[in-house]
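Take the sequence shown: its position 66, counted from the start at 1, is 66 in UniProt numbering, and no numbers get skipped. Notes follow the structure.
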Amino acid sequence: DQSPHQLAKAKEKEPLKECKIIEGDAEDLPFPTDYAHRYVSAGSIEYWPDPQRGVKEAYRVLKIGGKACIIGPVYPTFWLSRFFADMWMLFPKEEEYIE
Numbered sequence: 001d002q003s004p005h006q007l008a009k010a011k012e013k014e015p016l017k018e019c020k021i022i023e024g025d026a027e028d029l030p031f032p033t034d035y036a037h038r039y040v041s042a043g044s045i046e047y048w049p050d051p052q053r054g055v056k057e058a059y060r061v062l063k064i065g066g067k068a069c070i071i072g073p074v075y076p077t078f079w080l081s082r083f084f085a086d087m088w089m090l091f092p093k094e095e096e097y098i099e
């Protein structure tokens, strides 16, 4: 993520305590070429100034045979789906986006 505010919030979440949180730009990733087996970007591609450049960066950092998953804004509208998304996928509450 490139938002220090959101990174701080992520570090506070218990399910993410074991994760290494890194600040960076999706269009200029802070990793060497052929670095990762997996690449996941959720809910950010719509904010990238040049999405094609970000996708190329994902490809650059992936090892041969690596897998990428890029997810756009898909916050569910059905109440039961929202409940499970909030419980399991750690979507921020609306007021957290405003802070």
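Glycine included, C-beta positions come from ideal geometry on N, C-alpha and C.
At which residues does the beta strand (DSSP E) containing Lys-39 begin and terminate? Walking along the sequence shown from the start, residue 39 turns up at place 39. Inspection of the sequence shows that residue 39 is occupied by Tyr rather than by Lys. Residues 36-42.
Opposite Ala-19 in the DSSP bridges: which residues? As a first step, residue 19 must be located in the sequence shown, where it is residue number 19. The question names Ala, but residue 19 is Cys in the sequence shown. According to DSSP, which records beta bridges pairwise, Cys-19 is partnered with nothing at all.
Reducing DSSP to helix, strand and coil, say where Gly-65 ends up. Sequence index remark: in the sequence shown, residue 65 carries index 65 (1-based). Look at Gly-65 here: in three-state DSSP terms it is strand.
May I ask which residues mark the beginning and end of the alpha helix (DSSP H) holding Leu-7? The residue given as residue 7 occupies position 7 in the sequence shown. Here the alpha helix (DSSP H) through Leu-7 covers 4-12.
Rounded straight-line distance, which links the Cα of Leu-62 to that of Asp-86: Your numbering for residue 86 matches position 86 in the sequence shown. Your numbering for residue 62 matches position 62 in the sequence shown. Asp-86 and Leu-62: Cα-Cα distance of roughly 29 angstroms.
Find out if the Cβ-Cβ distance for the pair Gly-66, Ala-36 is shorter than 8 angstroms. Residue mapping note: residue 66 aligns to position 66 of the sequence shown, counting from 1. Residue mapping note: residue 36 aligns to position 36 of the sequence shown, counting from 1. A contact, by the Cβ cut-off of 8 angstroms.
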